[in-house]
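Residue numbers (the UniProt record's numbering): 1 to 365. The beta carbon of each residue, even a glycine, is placed where N, CA and C say it ideally should be. All remarks here apply to the structure that follows.
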Ligand SMILES: NC(=O)c1ccc[n+]([C@@H]2O[C@H](COP(=O)([O-])OP(=O)(O)OC[C@H]3O[C@@H](n4cnc5c(N)ncnc54)[C@H](O)[C@@H]3O)[C@@H](O)[C@H]2O)c1
Ligand SMILES: [Zn+2]
Ligand SMILES: [Zn+2]
């Protein structure tokens, strides 16, 4: 057991509290990672603001990279000193969904997650929850060996961390979720970290037009840098009419990367008949969608969802790292700022600004 510093959420809508916590020893299949960098993701904010419920106290943070510090007795693929990023969706590798390549829907999740003792405790012994079994806003975390990927030497940890969430989510939604065909047209609603990765995925997939939609002109300007060929400010006028004006038709594919019923309905409305809308944004718990049924039977539109890149995180993260090494996946550009750990609350405030794609925390500074 070791003591380390973590940013703990003790009440919703309150700042994270930097404090010492107690980290358990690694179980046989676990690895203790010294966390170097964590990207601030909107999903963390959902827990912090209560739009997605969680038990408290909790350590959020999940877009994680770091260095292996200690390994459990049965860990064979990682050694102290290895640089790693998180492959966040735990999976057993053996159930019917895992065998079908759909490990984000592992059927033995509960079993995989079970642990004899809480991983994190307060210094007086009370259990602390961890977002996604990670709790990355802690200078040390425990992760299963199978939930980590070794990062190639020339991929810096402060950009590599983006691969763990927003990049695999966005690019995975394009390749594994919607399966965008070359030459097709794509619309992306919401151009934050996830949306920027979707735009890059669409560019890599060979889309002939990529329409970026956001409420913030600075995000739209950045979107062009990631590969958007057209932009629409969703706060000004009729988005569907504007997209038709720009493309001469609806889009073949649309992606929702905001997380609301309204933008989900817009994603379907933006499609041409037979098009596919893919929901990626996480809407507040209990949200229901309202979409005209005729879009589906007369126009044969399709509506799908995508979670954490829809499948094979370990494999995909390595491929994405190679695309970065080749200059085809822009990650440095996505990291607007690296901030010290004690400025984490200011970082979440700054996320609201359109000048930010991703803010990354350096937990060791
Ligand atoms: N499905 C998954 O696996 C998965 C993974 C990670 C994040 N998410 C979710 O994806 C969503 C986006 O995450 P992020 O980290 O990129 O967030 P972000 O805060 O970085 O970006 C959100 C963007 O949406 C824009 N926006 C807000 N309202 C809009 C509207 N009405 N129309 C157009 N644009 C609008 C904002 O200006 C901003 O640019 C969140 O809901 C997050 O929880 C889902
Ligand atoms: Zn995330
Ligand atoms: Zn499984």
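Under the three-state DSSP convention, the category residue i falls into
{"i": "residue 200", "result": "helix"}
{"i": "residue 37", "result": "strand"}
{"i": "residue 151", "result": "coil"}
{"i": "residue 209", "result": "strand"}
{"i": "residue 98", "result": "helix"}
{"i": "residue 232", "result": "strand"}
{"i": "residue 307", "result": "coil"}
{"i": "residue 343", "result": "helix"}
{"i": "residue 254", "result": "strand"}
{"i": "residue 69", "result": "strand"}
{"i": "residue 6", "result": "strand"}
{"i": "residue 265", "result": "helix"}
{"i": "residue 214", "result": "strand"}
{"i": "residue 137", "result": "coil"}
{"i": "residue 121", "result": "strand"}
{"i": "residue 333", "result": "helix"}
{"i": "residue 112", "result": "helix"}
{"i": "residue 224", "result": "helix"}
Proximity test, residue i beta-carbon vs ligand 2 heavy atom, cut-off 7 Å
{"i": "residue 46", "result": "no"}
{"i": "residue 91", "result": "no"}
Contact set for residue i: own chain, Cβ-Cβ below 7 Å, skip 5 residues either direction
{"i": "residue 25", "result": "1"}
{"i": "residue 342", "result": "18"}
{"i": "residue 269", "result": "240"}
{"i": "residue 207", "result": "180, 184, 185, 186"}
{"i": "residue 232", "result": "211, 213, 239, 242, 243"}
{"i": "residue 11", "result": "56"}
{"i": "residue 271", "result": "250, 251, 254, 277, 301"}
Sequence-distant residues of the same chain with beta carbon closer than 6 Å to residue i, five excluded per side
{"i": "residue 278", "result": "173, 177, 178, 255, 304, 306"}
{"i": "residue 263", "result": "189, 256"}
{"i": "residue 338", "result": "158, 360, 362"}
{"i": "residue 346", "result": "none"}
{"i": "residue 191", "result": "212, 214, 219, 223"}
{"i": "residue 114", "result": "none"}
{"i": "residue 321", "result": "152, 155"}
Cβ-heavy atom distance, residue i to ligand 1, below 7 Å
{"i": "residue 355", "result": "no"}
{"i": "residue 214", "result": "yes"}
{"i": "residue 219", "result": "yes"}
{"i": "residue 254", "result": "no"}
{"i": "residue 280", "result": "yes"}
{"i": "residue 306", "result": "yes"}
{"i": "residue 199", "result": "no"}
{"i": "residue 276", "result": "no"}
{"i": "residue 159", "result": "no"}
{"i": "residue 143", "result": "no"}
{"i": "residue 257", "result": "yes"}
{"i": "residue 193", "result": "yes"}
{"i": "residue 351", "result": "yes"}
{"i": "residue 50", "result": "no"}
{"i": "residue 132", "result": "no"}
{"i": "residue 336", "result": "no"}
{"i": "residue 189", "result": "yes"}
{"i": "residue 169", "result": "yes"}
{"i": "residue 263", "result": "yes"}
Sub-8 Å separation of residue i and residue j beta-carbons
{"i": "residue 9", "j": "residue 47", "result": "yes"}
{"i": "residue 340", "j": "residue 300", "result": "no"}
{"i": "residue 187", "j": "residue 251", "result": "yes"}
{"i": "residue 265", "j": "residue 289", "result": "yes"}
{"i": "residue 123", "j": "residue 363", "result": "no"}
{"i": "residue 107", "j": "residue 157", "result": "no"}
{"i": "residue 134", "j": "residue 88", "result": "yes"}
{"i": "residue 197", "j": "residue 166", "result": "yes"}
{"i": "residue 309", "j": "residue 171", "result": "yes"}
{"i": "residue 131", "j": "residue 62", "result": "yes"}
{"i": "residue 228", "j": "residue 199", "result": "yes"}
{"i": "residue 45", "j": "residue 358", "result": "no"}
{"i": "residue 317", "j": "residue 141", "result": "no"}
{"i": "residue 80", "j": "residue 65", "result": "no"}
{"i": "residue 92", "j": "residue 112", "result": "yes"}
Check: residue i C-beta below 7 Å from any heavy atom of ligand 3
{"i": "residue 103", "result": "yes"}
{"i": "residue 107", "result": "yes"}
{"i": "residue 83", "result": "no"}
{"i": "residue 117", "result": "no"}
{"i": "residue 314", "result": "no"}
{"i": "residue 113", "result": "no"}
{"i": "residue 94", "result": "yes"}
Cut-off 8 Å between Cβ atoms - residues of its own chain near residue i, not counting five sequence neighbours on either side
{"i": "residue 28", "result": "72, 73, 74, 75"}
{"i": "residue 225", "result": "330, 333"}
{"i": "residue 52", "result": "43, 46, 282, 284, 285"}
{"i": "residue 3", "result": "20, 21, 22, 23, 123"}
{"i": "residue 153", "result": "83"}
Contact test: residue i Cβ vs ligand 5 heavy atom, cutoff 7 Å
{"i": "residue 97", "result": "With respect to small molecules bound, the structure shown includes ligand 1, ligand 2 and ligand 3 and not ligand 5."}
**OP:** When you get a sec, list the residues whose CB is within less than 5 Å of any heavy atom of ligand 2, chain order please.
**Re:** 41, 43, 165
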